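First comes the structure, then the notes that go with it.
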Amino acid sequence: MQAFQEFYHQATRPTRLRCLTHEEALAFLGTLLRFPIQEVTLDLFQEAVATSQQFGLSYWDGAILAAARVLGCDAVYSEDPSAQQGYDGLQVINPFRE
């Protein structure tokens, strides 16, 4: 859910060049509903806080990593500067890096 929230916020931001409309953003997110989506639960929140503290990340990045772990992922794709780093067996990969 954190990735959905972050995408929606960034994609529809009025200050963004060529921002998406509410309808366009929701239509795009709708195409992703065939994949597993981890709800934010108390356990996930606690894991996200622990992850963010352990690795010096924002809570929001910790939430994405914690959700990926719960879903059994071994990698997360991100343009984040901390990409190409491992987090307790979970690899963050920047798909835009050469």
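Following this note's numbering, the numbering of the sequence shown begins with 5 at its first residue and continues without gaps. All C-beta atoms, glycine included, are put in the ideal place defined by N, C-alpha and C. All figures in this text were calculated on a predicted structure; none of them were measured in a lab.
Counting only residues of its own chain and dropping the five nearest sequence neighbours on each side, Phe100 has a CB closer than 6 Å to the CB of Glu83. The continuous alpha helix (DSSP H) containing Gln6 extends over residues 6-16. Within the same chain, and ignoring the five residues on either side of Cys23 in sequence, the residues whose Cβ sits closer than 8 Å to its Cβ are Ala15, Thr16, Arg17.
Among the bridge pairs identified by DSSP, Val96 is matched with Val80, Gln89. Within the same chain, Cβ atoms closer than 6 Å to the Cβ of Val74 are found at Gln42, the five residues on either side in sequence being excluded. In the three-state reduction of the DSSP assignment, Glu51 falls in the helix class, which pools H, G and I. Leu46 and Ala52 have their C-alpha atoms spaced approximately 10 Å apart.
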